[in-house]
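Structure first, then comments.
Protein chains in written order, with this note's numbering: chain A, 821 to 1202; chain B, 821 to 1202.
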């Protein structure tokens, strides 16, 4: 007997894959001779091909944004709260495409794939890709699917950075840019956190210069540490206080280094479970893509000049308690767009949840996103 | 030819050591059969023994708070900006005592010392000590030096927590409590950062369950990671931006995992140099002392009730850009003291330097501290 999914779920989904034989020139100067992109789609492309929405994922995300892969899958895709029939990214109206990024570890070509030049797993030989490289590869995927122009490109965090890059690089192929919980470039503190995470992985003896897979190893300790650290930056101080406080697992101090406080238990679990589903080389290159993202650098740091190229209208969303990419960073993008004479809406959502708020479904957030995308859909004729 | 030190320096200092044969009962339930405390003193104890100031150090500090150990020592003690003739902690007026904490790694009995019960280095067998244990051991040191009552106990960060504990535990032996950049207990986020630092050390294969010294090893990678992470929390986002921005060491991206951004270079240096001067087991137990500090826990979390015992007058100082222990946490202590009907002064110093500001000599900070301690000195008859 098959499971009944909620009416607002896209239900069972099957990932698809596209193979690209045309080499891809990368920002680093190297080229990928060929590559695959795994992706999911939800909803139907209309006859005018005007209702396609590209969803870009964040650091540890993938193509499984909504619905379920199997009847017995416990948790739906990572943005299921947002994508589905009647949800803000309404699959009754939009044709939604979510690819796993190049360099990822969930099916798209990345460090865990076989290098056609050597017949061996890429590992550390996989090139460091940039946000711009991702947009380039996503554009080809769009072409393959018959999409000449996206009704909207949408993403949070690193996903939001891809949205901004899309709007800059392919202005005539994106009507609306929805940039959530992002920043126009990382701060020194952001880079510092990434660097500690990278050092945790790189210094793990089982990392073996990135060729752990060939050696039958996994840099478990390093990757778990990186994820633990990441989690601290995804949650606000207040959210952690509400969620864990100073609660002790056993009700009393143990005077040793076992788990004592609830927050320790949470972090260790997050770290350990991440190791089972994520690749360390992918983690490294994703953090570099974050660090490198700085579209204004080509214009001497002048964001407004950089954004002159944009033709899309934009919605920028920030969350009050996000200290990873605080509202101030979103306002920099808004200011840049306004200074460049672009149409931009800005919403600062009150939330105690920190950066993670972009994955949650707070009513204010869902309303802002839903209303905006509803107008996008109407404009697209759906 | 010997070096001429500045007129406001305490000049050359020689650490002293005190041996205690009377066992010390610890909060963890264990006892130390005997122990040594290494310490430095600056200035002279007056005839009335009324001018003694105890300086408590922070997580990675030690007894070398001021002056120089040798003519060719490049950097003076860690709080030299504050301690010396004419400085806020004026050694013309005060007799200043700064011990290395029990469990430390700079001369006081700790994990790097020999366990008299086994004849081997303690390593991980050294007990986890608490802020209260430290105060207990410091009290004995005071007695040894003929000090019945401290004119003031002063400290920043973890040092400030010891000051608060002193005021609670030995109300008739401390006239003034100067609590700088501290908190009445750690938040879940604070504990989370400590936990990631601990996991970095504990998971380093060279940690060897804490007995690395016996095996001729050092958990370098883990300790360096812990320190790198610590440094992010000591600096504000703004301070990092001012200090490093997104400056690239080589002026361009390298597309590999070598040092690229200046902030990476800084962090790696901080991590690597720390390993040369600090012990991993000490680092672990210091973070636990921080996590455990929660004097109000004995009164169901009610800080005002806890602080009823206090007889000292207090000065609480916080720094606006400190996000490790933000002003809000200092105000909790101030509120607790006021609610308990105690005399307390509070200064919130404008600073962009983050938590590290407590070690710097901004004019406003030095003035507040100097003025307060000048009145303390006058009261002490010096």
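All C-beta atoms in this analysis are idealised placements derived from N, C-alpha and C, irrespective of residue type, glycine included.
Check your understanding: Closest to residue 841 of chain A by CA distance: which of A:835, A:851 and A:1172 is it?
Key -> Taking only the C-alpha atoms, the option nearest residue 841 of chain A is A:851.
Exercise for review: Quick one: which unbroken alpha helix (DSSP H) runs of 4-plus residues sit fully inside the region 1105–1153 of chain B? Chain order, please.
Suggested key: The region 1105–1153 of chain B contains these whole alpha helix (DSSP H) runs: 1123–1127.
Exercise for review: Specify, as a first and last residue, the run of the alpha helix (DSSP H) that residue 953 of chain B falls within.
Suggested key: 951–964 is the span of the alpha helix (DSSP H), which, as asked, contains residue 953 of chain B.
**Study point:** Neighbourhood of residue 921 of chain B by C-beta distance below 6 Å, restricted to the same chain and skipping five residues each side
**Key:** In its chain, beyond the 5 residues on either side, 954 have a beta carbon closer than 6 Å to the beta carbon of residue 921 of chain B.
Check your understanding: Looking only at its own chain, which residues have a Cβ that is under 7 Å from the Cβ of residue 1171 of chain B, when we skip the five neighbours before and after it?
Key -> Once the five neighbours on either side are set aside, the close Cβ partners of residue 1171 of chain B are 1139, 1140, 1141, 1177 and 1182.
Point to revise | residue 1073 of chain A, DSSP secondary structure in three states | key: Residue 1073 of chain A: coil per DSSP, three-state reduction.
Review point. Of all Cβ atoms in chain B, is any one closer than 8 Å to the Cβ of residue 981 of chain A?
Key: Chain B contact via Cβ: absent.
Practice item. Counting only runs of 3+ residues fully inside the region 852–914 of chain B, write out the beta strand (DSSP E) ranges in chain order. Key: Complete beta strand (DSSP E) runs here, min 3: 855–862 and 872–876.
Practice item. Consult DSSP for residue 1165 of chain A and reduce its assignment to one of helix, strand or coil. Key: Three-state DSSP puts residue 1165 of chain A in a strand.
Review point. What residues of chain B sit near residue 1048 of chain A, judged by a beta carbon separation below 7 Å?
Key: The answer, in chain order, is 1016 and 1019.
Point to revise | Cα-Cα separation between residue 1012 of chain A and residue 939 of chain A, rounded to whole angstroms | key: Those two C-alpha atoms are separated by around 36 Å.
Review point. Got a sec, what are the start and stop residues for the beta strand (DSSP E) residue 975 of chain B sits in?
Key: Its beta strand (DSSP E) spans residues 972–976.
Check your understanding: Tell me which same chain residues have a C-beta within less than 6 Å of the C-beta of residue 901 of chain A, skipping the five on either side of it?
Key -> Beyond the five residues adjoining it in sequence on each side, residue 901 of chain A comes within less than 6 Å, by CB distance, of 1181 in the same chain, given in chain order.
Review point. Mind checking whether the beta-carbon of residue 1030 of chain B lies closer than 7 Å to any heavy atom of the ligand SAM?
Key: The model on display carries no ligand, and the ligand SAM is accordingly not part of it.
Review point. Using the beta-carbon of each residue, which ones in chain B are nearer than 9 Å to residue 1178 of chain A?
Key: Contact of residue 1178 of chain A with chain B by beta-carbon distance below 9 Å is absent, the smallest such distance being about 19 Å.
Review point. Using a C-beta cutoff of 8 Å, does residue 856 of chain A count as contacting chain B?
Key: Not a single CB atom of chain B sits nearer than 8 Å to the CB of residue 856 of chain A.
Point to revise | Residues in the region 998–1009 of chain B having any Cβ partner in chain A nearer than 7 Å | key: Taking 7 Å as the Cβ-Cβ cut-off against chain A, the residues of the region 998–1009 of chain B that qualify are 1005, 1007, 1008 and 1009.
Review point. Roughly how many whole angstroms lie between the Cα atoms of residue 929 of chain B and residue 857 of chain B?
Key: About 7 Å.
Practice item. Give me whichever residues DSSP pairs with residue 918 of chain B in a beta bridge. Key: Paired residues: B:860.
**Study point:** Between the CA atoms of residue 1045 of chain B and residue 848 of chain B - distance to the nearest angstrom
**Key:** Taking the straight line from one Cα to the other gives about 28 Å.
Review point. Over what stretch of residues does the alpha helix (DSSP H) that includes residue 771 of chain B continue unbroken?
Key: Because chain B is modelled from 821 through 1202, residue 771 of chain B falls outside the range shown and cannot be assessed.
Point to revise | Contact set between residue 1043 of chain B and chain A, taken where Cβ atoms lie within less than 9 Å | key: What residue 1043 of chain B touches in chain A: nothing, since even the nearest Cβ is about 11 Å away.
Exercise for review: Could you please give the first and the last residue of the uninterrupted beta strand (DSSP E) stretch that includes residue 996 of chain B?
Suggested key: Start and end: 996–1000.
Review point. Can you tell which of A:829, A:1188, A:1110 and A:1169 has the C-alpha that lies nearest to the C-alpha of residue 899 of chain A?
Key: Of the candidates A:829, A:1188, A:1110 and A:1169, the one whose C-alpha sits nearest the C-alpha of residue 899 of chain A is A:829.
Check your understanding: Below 8 Å between beta carbons: does that hold for residue 863 of chain B and residue 911 of chain B?
Key -> In this structure, residue 911 of chain B lies closer than 8 Å to residue 863 of chain B by Cβ.
Review point. Taking the C-alpha atoms as reference points, what is the distance between residue 914 of chain A and residue 1053 of chain A?
Key: Taking the Cα positions, residue 914 of chain A is about 33 Å away from residue 1053 of chain A.
Review point. Which value, in whole angstroms, describes the spacing of the CA atoms of residue 1003 of chain B and residue 908 of chain B?
Key: Roughly 22 Å separates the two Cα atoms.
Check your understanding: Can you find a CB in chain A that lies within less than 8 Å of the CB of residue 868 of chain B?
Key -> Closer than 8 Å: no.
Point to revise | Rounded C-alpha distance that separates residue 1168 of chain B from residue 1186 of chain B | key: Spanning the two alpha carbons is a distance of roughly 12 Å.
Review point. Checking contacts by CB at 8 Å: is residue 1084 of chain A closer than that to chain B?
Key: Closer than 8 Å to some Cβ of chain B, the Cβ of residue 1084 of chain A qualifies, so yes.
Review point. Since residue 1184 of chain B is in the alpha helix (DSSP H), which residue starts that stretch and which ends it?
Key: Where residue 1184 of chain B is concerned, the enclosing alpha helix (DSSP H) stretches over 1183–1199.
Exercise for review: May I ask you to report which of helix, strand or coil DSSP gives residue 766 of chain A?
Suggested key: Outside the modelled stretch of chain A, which goes from 821 to 1202, sits residue 766 of chain A, for which no answer is possible.
**Study point:** For residue 887 of chain B and residue 1200 of chain B, the rounded distance between their alpha carbons
**Key:** Distance between the alpha carbons of residue 1200 of chain B and residue 887 of chain B: 24 Å.
Point to revise | Through-space distance from residue 994 of chain B to residue 1146 of chain A, alpha-carbon basis | key: Spanning the two alpha carbons is a distance of roughly 43 Å.
Exercise for review: Could you tell me whether the Cβ of residue 772 of chain B comes closer than 8 Å to any Cβ of chain A?
Suggested key: Residue 772 of chain B falls outside the range modelled here, since chain B spans only 821 to 1202, and no answer is possible.
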